[in-house]
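This report concerns only the one structure given below.
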Amino acid sequence: MEYKFREIEKKWQQHWKDTNAYRVSNVSDKPKYYVLDMFPYPSGAGLHVGHPLGYIASDIYSRYKRLKGFNVLHPMGFDSFGLPAEQYAIETGQHPAETTKKNIATFKKQLDKIGFCYDWSREVQTSDPNYYKWTQKIFLELYNSYFCNTQKKAKPIKELIEKYATQGSKHFTAKQWNNFSATEKETWLMKRRLAHSAYGEVNWCEALGTVLANDEVVNGVSERGGHPVVKKKMRQWYLRITAYADRLLEGLEKVSFSESMKEMQRNWIGKSEGAEIKFKVGSRKLEVGDLVVYTTRPDTIFGVDFMVLAPEHEIIESITTAEQKKAVEDYITYVKSRSDRERQAEKNISGVFTGAYAIHPFSNKQIPIWISEYVLSGYGTGAIMAVPCGDERDFKFAKHFNIPITNIIGKYFNGNEANPSKEVILENSDFLNGLQMKEAVEVALQKIEDWDIGKRKVNYKMRDAGFSRQRYWGEPFPIIWKDGVPVALDENTLPLELPHVDKYSPGPEGEGPLANIEDWINTPEGRRESSTMPGYAGSSWYFLRYADPKNDKEFASRQATDYWNSVDLYIGGTEHAVGHLLYSRMWTKVLFDLGYIGFDEPFKKLVNQGMIQGSSRYVYRVQLGKQLGVKTKWSEGVFVSYNYIRDYETHVINNIEFAKILSKSEYFVEYINDNGFDLLNITPLHVDVNIVDGNILDIEAFKNWKPEYRNAEFITYLTLSDMDKGDSVGIYLCGAEVEKMSKSKYNTINPDDLCEQYGADTFRMYEMFLGPVEQSKPWDTKGIEGVHRFLKKLWRLFYSESTFKDGQHIDGKPIWTNDAPTPEELKVLHKTIKKIDEDTERFSYNTAVSAFMVCINELSDLKCYKKAVLEQVLILLTPYAPHIAEELWHVLGNEGSVLDATYPVYNAVYTTESSKEYPISINGKMRTTLIFPIDAEQKDVEPVVLANEVVQRWLEGKQPKKIIYVKNKMINVVV
RNA sequence: GCGGGUGUGGUGAAAUUGGUAGACACGCCAGACUUAGGAUCUGGUGCUGCGAAGCAUGGGGGUUCGAGUCCCUCCACCCGCACCA
């Protein structure tokens, strides 16, 4: 028998499916373990080899845990709402539901080929009404809840209404509340609801006809499509994630995420402690009012030399003096023309003086008030007090506009740059003199509060999350607007299904396509909300649904979520660091607060898989410069092998240089005859990596690749020895570069092809063999051969090789035996058990694969065909290469599936050695080795080491200063 | 600028606690078997050197009997955040 991986894999995949081998029950006496992958968006492009990296890692761990006696939940589903399907619908007229269905089918087929152990009976699709019914229901929970600031948790808004009606609030009495109109009441409630509606500046993208989240806008353009984005005021739904800022920060302490991931979330939340300080504003028109600034450095209050307001700050109009009016207006006009991104990225200092002055609350000094684009209206109070001697940005501003700088840190300030250190002593600061800045903060805060000129204030960079999309392909809001007041749909009427539409163009006034469907949008009760929910709505809670996916009474029963609890291992990319992970953490906390689930962190451990980069291949088209005006074959361009041009850094080479290239080829004479002197352009072009073997282009395949290359000509690489052999064709060498894997770069590799060519087991192990899971690395198909050879070598421990004799194919025979293993074989086995167990546990799959290779290499050398050893190895291998393991498990005559075998137990007895080969170093440099018994003492070792010939030579007759003997490690002779 | 990460052969990478640097593979070189092989097997392969030996984990310095690993410093690249007060 040969290793017929195609048959074997097909057979077992079918068998596992038929026997429901991956079905997992919510009832079990085994301990539970929940392994989850970030579910994919089913794009039309299908999977490339980068996607399964994390899936394979989680699959290995799931299977490993199962073998170790756990009841393992390892589900998969699809994040199937989203913009691309809708854009595709706009382009092709196909309904998103249709294309999504098709794409999911493709994804599932691709995933199944790789042999994952998903319990597909638990599959979720966010665009399935049976799923989004519960997304809508949870939205209503958010809508009907508020964040209680005393208890720091979400509570039903009913309780708040009750409180307002009986006790009132600091803004109104109970009596007033009871007399409020519905609209007035709702206005107050909206200030507290966890899902609330408000007018806000949003990232409006005209081209997509939609509003984008901050993290969906990249460099001022939409992440998808790269369209321009501008600010626009619109009524939006928001999630009050800011209420949970502190708990989201605290929660990071108890989860096992990487430090960098936690840091990213902390930065995103951006908590800062400081103070809001009031400054009286004076102008010729006398006092206008208070200007409130936010600062994290109240200790520097005496170093304030000017104020800076955001250009949007409402006070500007009333304080600007007549002389400055024109300048200020011009500046505001300028700022309006700039996107937020541009404003923040601007390195040049700009700003304008308002003509007004603030009064320093302690010193009564007059402080000029400026406006500048570097202060943003959305953060703090939109106004800052500028302290040039301690803040880099303020310093540059002061220098630029010649504003005098007050030095409050004496010798620590050199006049040339700001010194933001807190390790300095304050001077020139009245009651803060002589204090270190650290202590001064507290003293200043106290004084500010005593004098009632400000208060302590915690600020967050994070804003409430925009929750509306003016799009079609998302969850409809279960909301009807009645006289400007939102009314929640009765839960029993859910799901509110997406109506069918024929076209997907935006509705009026920037509304989504749903606004165009008259008989849907208008109801007897009022007008429906026309926006849909964003992509992260469905993904914020999907991990809960897997616990109880068919439940039509609740999103998941408490019993099911109590059993499966939070995800033990979550694997996915870093790109969701702040979006998805923060939102799902928030939703989990809300559902916990409201008593729906018993835990408040969704993911206990997070592993971020690295990206698999593409390894692109280039061909180089060389064309004559246009100015020659003579049409020859050279103006069409000819493809020049990379070896000739790799030394040219520029993409323009002159004709003498090119002649050098051509002199190496037969084209030389023809070219010189045809042409005069001119410049030549070299254009590197991506070529499909699938028609390049290593770096060698398949020229015929290239000609057939695209019509324009049908008659392409090539200058190939011919060595002199090739020519001697009469070869006149030569090879075309491509250039290579590591880039992101994407269709447009023609560097994608489809896992289907690899599974077809080498098998899923080879593919799985090779992806793991590439390097640590967390690390990004370029794909290189060449290396897969090594893993494939390994599996074939494993196979040959069970079957003799097939032979080909006298035109007859003679199949290999089973060669495994029931003989008792030798100590040496047992040593190999147990060494491997230990290594694989440890490596799998710590996700070091690349070293585990090498350990398998070492094991099989050694067993082959020992000619070990013994069942007692081999079947243990097969169990170890099952998580990595389940198909071949199952096949050979049965070849050995075992009953039942290897999936449920008992994981081997390491026994140190077999691996303990009686002696060790010690490295002998002289002054720390290894010079030779000597074998000593494992229990040898220093006194036993010394004479032998000193007597050694190599050691003697290095000693050159001198006495060693010291001999260091570390048991079981090494011996070092110090000379 | 701030925060995080990475830097080791021609390539992907090992080295879990400071203890034989380069395991395991790819590629390459040589050979065996074969009608053939892009199958399989054997040997070699960090660099310099005939050799003895020397040099090697981004550069420089330090701690140590001993440093890829610890400390200081500089550099390069990647990711995240960013005039965030």
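The first sequence begins at -8 in our numbering and counts up by one. By construction, the Cβ of each residue, glycine as well, lies at the ideal position given by its N, Cα and C atoms.
Which class does residue i belong to by DSSP, given the choice of helix, strand or coil?
i    : result
G242 : helix
F107 : coil
R549 : helix
P467 : strand
Q218 : A small correction: the amino acid at residue 218 is His; Gln does not occupy that position in the sequence shown. DSSP places H218 in coil when its eight states are reduced to three.
I827 : helix
Q4   : helix
R918 : strand
S309 : helix
L27  : strand
Y790 : strand
K448 : strand
K952 : coil
E482 : helix
I962 : strand
E364 : coil
M706 : The displayed chain sequence assigns Ile, not Met, to residue 706. Strand.
G457 : strand
Measure the Cβ-Cβ separation of residue i and residue j and say whether it is below 9 Å.
i    : j    : result
K104 : Q5   : no
I439 : I232 : no
F781 : M756 : yes
V778 : I706 : no
K473 : E516 : yes
I562 : L27  : yes
I340 : Y871 : no
I954 : V964 : yes
L788 : L688 : no
D290 : I396 : no
T565 : V40  : no
N450 : G261 : yes
C725 : R536 : no
T311 : T345 : yes
W511 : L74  : no
T674 : Y611 : yes
Y109 : P43  : no
P352 : K271 : yes
P486 : P120 : yes
E89  : Y495 : no
So, is residue i buried or exposed, given that buried needs 16 or more other C-beta atoms within 10 angstroms?
i     : result
F(-4) : buried
W361  : buried
F422  : exposed
G265  : buried
Q600  : buried
G475  : exposed
Can you give me the Cβ contacts of residue i inside the same chain, cut-off strictly under 7 Å, excluding the 5 residues immediately before and after it?
i     : result
P302  : Y322, I323, V326, I362 and E364
P33   : F69, S71, T91, N94, I95 and F98
Y(-6) : L782, K783 and W786
E904  : I925
F923  : S906, K907, Y909 and V932
T838  : D830
At a cut-off of 8 Å, would you count residue i as near the ligand SAM, judging by its Cβ distance to the nearest heavy atom?
i    : result
I922 : Among the components modelled here there is no ligand, and therefore nothing to report on the ligand SAM.
Suppose the cutoff is 6 Å on Cβ atoms and the five residues either side in sequence are ignored; what does the same chain contact list for residue i look like?
i     : result
P769  : Q604, S606 and V729
L64   : V15, Y25 and W555
K958  : none
E(-2) : none
E849  : V819
F468  : E520
Short of 8 Å in beta carbon distance, which residues of its chain neighbour residue i, apart from the five on each side in sequence? Order them along the chain.
i    : result
W532 : W125, T126, I129, F546, S575, W578, T579 and L582
G685 : K773
Are three or more beta carbon pairs between the segment 147 to 162 and the segment 178 to 196 nearer than 8 Å?
-> Taking 8 Å as the limit for Cβ pairs, the verdict is that the segment 178 to 196 does touch the segment 147 to 162.
Given 8 Å, three or more beta-carbon pairs between the segment 800 to 819 and the segment 16 to 26 | By the Cβ rule, the segment 800 to 819 does not count as touching the segment 16 to 26, because fewer than three pairs are nearer than 8 Å.
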